[in-house]
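Notes to accompany the following structure.
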Amino acid sequence: MARKSVYVIDLTKIEGDGSFPCPKCGTLISPDDETETVYTILETKMRGEDLEELIIQCKVCGSKIRLTGFLSYPTSQVE
Ligand SMILES: [Zn+2]
Numbered sequence: 034m035a036r037k038s039v040y041v042i043d044l045t046k047i048e049g050d051g052s053f054p055c056p057k058c059g060t061l062i063s064p065d066d067e068t069e070t071v072y073t074i075l076e077t078k079m080r081g082e083d084l085e086e087l088i089i090q091c092k093v094c095g096s097k098i099r100l101t102g103f104l105s106y107p108t109s110q111v112e
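Just so you know, the sequence shown maps onto residues 34 to 112 in this note's numbering.
See the structure below:
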């Protein structure tokens with residue numbers, strides 16, 4: 034396994050309040066938790082004024098996790 038592998042979580046496939054277990058260590062991560070006790074936000078990708086993607090790092094195991102699916106509706110305005 035490559036050490037640089039990044040886990041990808043599609044938020045549209047997560048039921049409930051949007052929290053999910055870390056793919057590696059199972060720590061529950063809640064995107065609504067802004068205290069950053071269990072994860073750190075590494076990168077934020079925006080599309081216009083909307084959040085498109087978030088790259089976070091689990092503080093427990095150090096895994097990088099890419100969160101996608103913030104833009105759940107199809108982009109009708111293609112430039
Ligand atoms: Zn973890």
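Built from N, CA and C at the ideal position, the CB exists for glycine as well.
Everything numeric in this text was worked out from a predicted model, so none of it was measured.
### For K37, three-class secondary structure by DSSP
coil
### Task
Please classify T101: does DSSP put it in a helix, a strand, or coil?
strand
### Query
Between the beta-carbon of L104 and the beta-carbon of D83, is there less than 9 Å?
yes
### Task
Leaving out five residues on either side along the sequence, give the residues of the same chain with a beta carbon under 7 Å from the beta carbon of F53.
I42, I47, I62
### Task
Indicate whether R99 and I88 have their beta-carbon atoms separated by less than 9 Å.
yes
#### Entry: Backbone secondary structure at T45 - three-state DSSP
helix
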